[in-house]
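Okay, so here's the structure we're looking at.
Residue numbers (my numbering): 35 to 157.
Take a look at the structure:
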């Protein structure tokens with residue numbers, strides 16, 4: 035049980051560090067982000083101080099508001115530079131492709147993301 039607690043503390047600290055870093059990269063105040071998330075500023079402050087971990091639903095909202103994958107919020111590696119690919123750009127890029135080509139694009143993206151994760155772990 036003790037290892038579980040230590041693991042949660044480590045996760046909370048990684049999450050807090052990544053949340054704070056990304057919020058500052060976007061030049062958002064705690065009040066700005068809290069408003070976007072529909073939570074009190076104090077709640078956001080607790081997350082950034084590793085006092086609490088968010089629910090999965092809140093984690094999804096945070097990732098959306100910060101325009102990063104959930105993995106970048108909870109991961110141990112430094113955040114990747116923000117890639118400004120929103121859903122409409124992805125949809126437009128796939129528009130007109132047949133199912134076979136869409137599958138090829140999906141497989142390529144998965145392969146690239148795996149390569150990037152491996153590279154991040156090495157550094």
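Just so you know, even glycine gets a beta-carbon here, dropped at the ideal spot from N, CA and C.
- When DSSP states are grouped into helix, strand and coil, residue 81 belongs to the helix group.
- About 6 Å separates the CB atoms of residue 107 and residue 97; that is less than 8 Å, so the two are in contact.
- Around the C-beta of residue 68, 16 or more other C-beta atoms lie within 10 Å, and the residue is accordingly described as buried.
- Your pair residue 151 and residue 102 does not check out as a contact, with CB atoms roughly 14 Å apart and the cut at 8 Å.
- From the listed residues 47, 72 and 93, the smallest Cα separation to residue 84 is found for 47.
- A residue is called buried once 16 or more other Cβ atoms fall within 10 Å of its Cβ, and residue 146, having fewer, is exposed.
- Ranking 79, 104 and 153 by CA distance to the CA of residue 91 puts 104 first.
- The C-beta distance from residue 45 to residue 93 rounds to 11 Å, too long to meet the 8 Å contact threshold.
- Only buried fits residue 49, as 16 or more other CB atoms lie within 10 angstroms of its CB.
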